[in-house]
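Working notes, structure below.
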Amino acid sequence: MMNNRYLRVFLKIFSAIISIGAFLLIWHIATNGTKLGELMPGPIELISSLIKSTYTNIGKYTIIGHILFSLSRVLIAFTVGGVIGILLGTAMGWYKTAEAIFRPFYEMIRPIPPIAWISLAILWFGLGEIMKYFVIFLAAFSIITYNAFAGAQAVDPVLIGAAKMLGAKDSRIFRSIVFPSAVPYIFAGLHTAISASWATVVAAEMVRASEGAGWLIIQGMEMNNMIQILIGIIAIGIVGLLLSIIMRGVEAKLCAWSKSGK
Amino acid sequence: MNKDVVIKCDSVSKIFYSSDKGFDVVKNIDLTVFKNEFLVLFGPGQCGKTTLLNIIAGLDMPTSGKVYVNNKEVIGPGPERGVVYQSISLFPWLTTMGNVEFGIKAAGVGKKERRKRAQYYIDLVGLQGFENTYPIKLSGGMKQRVGIARAYCIEPVVMLMDEPFGALDAQTRYLMQKELEIIWGREKRTVVFVTNNIEEALFLADRIVVLNNCPTSIRQEYVIDMPRPREYTGEKFLYLRKEITGNMDKTL
Ligand SMILES: Nc1ncnc2c1ncn2[C@@H]1O[C@H](COP(=O)(O)OP(=O)(O)O)[C@@H](O)[C@H]1O
Ligand SMILES: [Mg+2]
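Residue numbers (numbering that gives the first Met the number 0), protein chains in the order written: chain A, 0 to 261; chain B, 0 to 251.
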């Protein structure tokens, strides 16, 4: 049993290495001294530039500096959007009054893609950080609110009844029944929202910034620097993947109760 | 013998209205349950047993009639009535300990006292060692033990049990019946136990109230005075089993 599992993992990693290796090889052959090579750098050149960009500046910062700028924008706005979204969503899902007051406004905002707000945000907040926070906030907020709302509405009425029979009053039912039973829904929202926030920061930085992953790409385009664009894209992809892995880790920790495995 | 009345149902009826049609589910139930009595409500599936129990619990209101517990009218859910449910209704995000202490936590009992009391009931239902386990990792029988401990821990005046063993396999079901009898022997409470299983009813009951099919009303009562613990194959057990089964409402 044990051996079998190790063998399977080994085979999986082995075949991944083979297929990625084959891809890199084909890429290398296709771009090495060919016409295609003028449009697209080869893998060796790209990877070595990527490594080099971690210790030499592109513009004012290294690639790590740029990523950290984008990340801090996302994390600040995502956190604020997440906290407000969770509170508002669960409250709307459980308290009829909260739903009556806030839901109409929320439903008006929800279908608008966050990027559509960028121009308005620039007029309201100027070209600085607030504009970027605002747009990312909207991206995170509208997704998380919706999921928290759906989660609070889906709470099992038998559990509500059980809590009432055990003497729990309204505010305790909200805190200790409605909220925890919405948590898996909230996490589904946080997953989508972190990807959306990450996409939105790139878009906002492409419109106007002097640092960050989005700026890297736009600047690369303006300078006709293919490698810089590709480095930006790769960095964005890696960070997006890491964010989603971290989120899954946090979820596994907080939703241990819903997993039947050991 | 002086019998204190704990639960009194006074011509309780329940009609569910859907659009314009009324659907009689419970009809004119007059029922008295005495202190520390183990009363079994025995009736066919879908006859209105859960509806009646929910009315006694205060989770549902009767269309007409009244329910009193300790001479106080029942007007809503409350911790002097403990409920063990037909479906598994544990809070899945709380451990065994978290579920059992939920009620006394809501009542504001301090942590040290709370843990001590919850532990007593966890031990009573035989779940020591599983205090920190989440419900999803417990077997069906163990989940119902948590459900029983959770209801017991608020030390209610009455325990209302709605087919608590209905979803268990036969073997576990016999085991749980024996355990429940032992628990009840040690921690006497007034119990209303709903079942559609005649063996279970005869094994546990001081008194069996046989219900008619929907709308449910009282068909007949049997006082069961066999000594405990009972043998499923005892002569009187088998006789009563035949007698009560023969007297059930056969209409569908
Ligand atoms: N909330 C409700 N609205 C309408 N009909 C209901 C409701 N609850 C139960 N019923 C109906 O009442 C009948 C009895 O249900 P129930 O009390 O659950 O029966 P039992 O517990 O004996 O199986 C069923 O036919 C069911 O469909
Ligand atoms: Mg039922």
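In this text, a Cβ means the ideal position worked out from N, Cα and C, and glycines have one as well. These figures come from a predicted structure and were not determined experimentally.
Item                                                                                                            : Value
Beta-carbon separation (whole angstroms), B/ILE223 vs B/ILE28, contact threshold 8 Å                            : In fact, because the Cβ distance is near 20 Å, the residues do not count as touching under 8 Å.
Chain A contacts made by the segment 84-109 of chain B, where a contact means CB separation under 7 Å           : TYR84, SER86, SER88, PHE90, PRO91, TRP92, PHE101, GLY102, ALA105 and ALA106
Beta-carbon proximity of B/ILE54 to B/VAL191, cut-off 9 Å                                                       : no
Per-residue DSSP class, three states only, for B/GLN219                                                         : strand
Listed by chain order, chain B residues near A/ILE176 by CB distance under 8 Å                                  : PHE90
Beta-carbon proximity of A/ILE185 to A/LEU158, cut-off 9 Å                                                      : no
A/TYR132 vs A/GLY188 beta-carbon contact at 9 Å                                                                 : no
A/SER194 (DSSP reduced to helix, strand or coil)                                                                : helix
Alpha-carbon to alpha-carbon, B/ALA150 and B/LEU89                                                              : 11 Å
Helix, strand or coil at B/ILE87 according to DSSP, with G and I counted as helix                               : coil
9 Å Cβ cutoff met for B/LYS142 and B/PRO155                                                                     : no
According to DSSP, residues forming a beta bridge with B/PHE192                                                 : B/VAL39 and B/MET160
9 Å Cβ cutoff, A/ARG7 in contact with chain B                                                                   : no
Buried versus exposed, by CB contacts within 10 Å (16 or more), A/LYS261                                        : Here the model assigns A/LYS261 a pLDDT of 42, short of 50, so the residue's position is not dependable and the matter cannot be decided.
Exposure of B/MET0, with buried meaning 16 or more beta-carbon neighbours within 10 Å                           : Only weak support is given to the placement of B/MET0: the predicted model assigns it a pLDDT of 47, under 50, and the question is left unresolved by the model.
Closer than 8 Å: B/GLY47 CB and nearest ligand 1 heavy atom                                                     : yes
Terminal residues of the alpha helix (DSSP H) in which B/GLY133 lies                                            : Residue identity differs from the one stated: residue 133 of chain B is Tyr in this sequence, not Gly. Neither: B/TYR133 is in no alpha helix (DSSP H) and is coded neither H nor E.
Helix, strand or coil at A/GLY260 according to DSSP, with G and I counted as helix                              : The pLDDT assigned to A/GLY260 is 47, lower than 50, so where the model puts this residue is not dependable, and the model offers no usable value.
Beta-carbon gap between A/HIS65 and A/ILE57 smaller than 9 Å                                                    : yes
Any non-hydrogen atom of ligand 1 closer than 8 Å to B/CYS213 Cβ                                                : yes
Element boundaries [beta strand (DSSP E), containing A/ARG109]                                                  : That residue, A/ARG109, is in no beta strand (DSSP E); it is neither H nor E in DSSP.
Meets three-Cβ-pair contact criterion under 8 Å: the segment 9-19 of chain A and the segment 196-204 of chain A : no
Residue-level contact to chain B via CB, A/LEU165, 9 Å cutoff                                                   : yes
Interface residues of chain A facing B/GLY77 [CB-CB closer than 9 Å]                                            : LYS163, MET164 and GLY166
Close beta carbons around B/ILE14, own chain, < 6 Å, minus the five adjacent residues each side                 : GLY21, ASP23 and THR62
Inter-residue Cα distance where the pair is A/SER170 and B/TYR173                                               : 40 Å
Any C-beta of chain A under 9 Å from that of B/ILE135                                                           : yes
Cβ-based contacts, 7 Å cut-off: residues of the segment 138-161 of chain A near chain B                         : VAL157, LEU158, GLY160 and ALA161
CA-to-CA distance, A/ARG247 to B/TYR221, given in whole angstroms                                               : 58 Å
Closer than 8 Å: B/GLN85 CB and nearest ligand 2 heavy atom                                                     : yes
is_contact[B/VAL82, chain A] using C-beta, thresh 9 Å                                                           : yes
Assumed close pair B/MET225, B/ARG188 - CB separation to whole angstroms, cut-off 8 Å                           : At roughly 20 Å, the Cβ-Cβ gap does not stay under 8 Å, so B/MET225 and B/ARG188 are not in contact.
Cutoff 9 Å: A/ALA255 Cβ touching any chain B Cβ                                                                 : yes
For B/VAL152, the first and last residue of its enclosing alpha helix (DSSP H)                                  : In the sequence under discussion, the amino acid at residue 152 of chain B is Cys, which differs from the Val named in the question. From DSSP, the alpha helix (DSSP H) with B/CYS152 extends over 139-152.
Nearest to B/GLY107 (by Cα), restricted to the options A/ILE237, A/LEU165 and A/ALA234                          : A/LEU165
Classification of A/ILE237 by the beta-carbon crowding that lies within 10 angstroms, buried from 16 upward     : exposed
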